[in-house]
Amino acid sequence: MDINSAIKILEALAAGCSPTTGEIIPNESVLNERNVIRALQIAIDNLKKGAPANDGGVGICEEDINTAITLFLEHESTPTENRLTDFFMGTRAFKTTALVSHSLYGKYRTQYTKGQLHDFFADYLSKRGYLQHGKNGNGKRTNAPWANIDFFQKAVFNNLTATDIDILKEKVNEFGVTKQDNLADYVVIARKKYPRAYEPWNEAEKQLLNDALKHTNDVELLTRCFQRGEGAIISFGKKLIYERQSS
Numbered sequence: 010m011d012i013n014s015a016i017k018i019l020e021a022l023a024a025g026c027s028p029t030t031g032e033i034i035p036n037e038s039v040l041n042e043r044n045v046i047r048a049l050q051i052a053i054d055n056l057k058k059g060a061p062a063n064d065g066g067v068g069i070c071e072e073d074i075n076t077a078i079t080l081f082l083e084h085e086s087t088p089t090e091n092r093l094t095d096f097f098m099g100t101r102a103f104k105t106t107a108l109v110s111h112s113l114y115g116k117y118r119t120q121y122t123k124g125q126l127h128d129f130f131a132d133y134l135s136k137r138g139y140l141q142h143g144k145n146g147n148g149k150r151t152n153a154p155w156a157n158i159d160f161f162q163k164a165v166f167n168n169l170t171a172t173d174i175d176i177l178k179e180k181v182n183e184f185g186v187t188k189q190d191n192l193a194d195y196v197v198i199a200r201k202k203y204p205r206a207y208e209p210w211n212e213a214e215k216q217l218l219n220d221a222l223k224h225t226n227d228v229e230l231l232t233r234c235f236q237r238g239e240g241a242i243i244s245f246g247k248k249l250i251y252e253r254q255s256s
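In the working numbering, each residue carries its 1-based index in the sequence shown increased by 9.
Rendered as structure tokens:
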């Protein structure tokens with residue numbers, strides 16, 4: 010078994026799901042104890058430290074990249090190599106406050122040159138279904154490769170039981186909120202309705218959403234469970250479905 014396979018199994022367990030079937034583990038299982046979940050998350054994080062996202066001298070962690078891509082998508086912007094480079098270098102005054110006030114904005118400005126990051130993201134995005142500069146052969150702007158996923162446009166369905174929903178809510182509550190101080194006004198306002206708005210998605214939470222999407226496309230239900238806005242659920246949900254279908 011390689012590291013990536015081990016990480017996937019640990020992520021499923023941390024999310025309270027069977028790595029084999031995807032079924033939710035009974036609430037009374039030892040795997041649902043707070044200390045066990047935290048221990049699994051620490052193990053996942055440590056395994057990932059040994060796997061940089063790319064060669065060529067650039068080692069930006071996958072979580073930072075996915076967070077940035079999701080951030081752009083949530084604000085209806087295609088994550089191109091230029092935008093991601095400017096975001097991580099902090100060299101562009103984006104009009105969207107959520108971008109320039111994010112903790113990742115300018116994070117790598119002292120570690121890499123703009124050219125290094127541009128080449129890195131051009132390669133990274135092309136390998137994951139994006140076209141160069143986010144444009145097609147006619148020079149028109151393209152959407153993310155998962156933009157056409159119609160999962161949430163289909164008739165609403167839900168196969169989660171009331172018990173499943175309660176367990177899901179409890180697991181999300183276990184994560185807490187990491188960023189609570191010096192919040193931008195727009196984040197404070199958003200969190201009055203959605204307590205986890207603009208919170209980075211951790212790996213266990215991603216796995217929970219991924220598993221939940223196998224049983225429901227009810228966005229209203231998912232917003233209540235994950236305490237995030239509909240836009241965040243839909244955009245990130247589409248990305249997870251696309252990755253699942255492409256694997």
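All residues carry an ideal CB built from backbone N, CA and C; glycine is no exception.
Same chain, Cβ closer than 6 Å to residue i, neighbours up to 5 away in sequence not counted
| i | result |
| --- | --- |
| P61 | In this predicted model, P61 has a pLDDT of only 46, less than 50, meaning its place in the structure is not dependable; the value taken from the coordinates is given anyway. Around P61: G68. |
| Y117 | F97 |
| E208 | V186 |
| K248 | W155 |
| L169 | H224 and T225 |
| N63 | Residue placement at N63 is poorly supported in this model, since its pLDDT is 45, which falls under 50; the coordinates still yield a value, given next. Cβ within range, chain order: F129. |
Contact set for residue i: own chain, Cβ-Cβ below 8 Å, skip 5 residues either direction
| i | result |
| --- | --- |
| I198 | none |
| T119 | none |
Assigned secondary structure, residue i (DSSP; H/G/I helix, E/B strand, else coil)
| i | result |
| --- | --- |
| I34 | coil |
| C70 | coil |
| N182 | helix |
| N157 | coil |
| N75 | helix |
| N191 | coil |
| N167 | strand |
| I250 | helix |
Other residues of its chain near residue i: CB distance less than 7 Å, five sequence neighbours each side excluded
| i | result |
| --- | --- |
| V5 | Look at the range of the chain in this structure, 10 to 256, and you will see that residue 5 is not part of it. |
| N41 | G25 and I34 |
| H111 | L80 |
Closest by C-alpha distance to residue i, when choosing among the options
| i | options | result |
| --- | --- | --- |
| A131 | T89, S110, A171 and D159 | T89 |
| S86 | S255, C70, D73 and K104 | K104 |
Whole alpha helix (DSSP H) elements within the region 195-226, 4-residue minimum = Qualifying alpha helix (DSSP H) stretches, in chain order: 212-221.
Taking one C-beta from the region 90-100 and one from the region 43-58 each time, how about it: are there three or more such pairs within less than 8 Å?
-> The region 90-100 vs the region 43-58: no contact.
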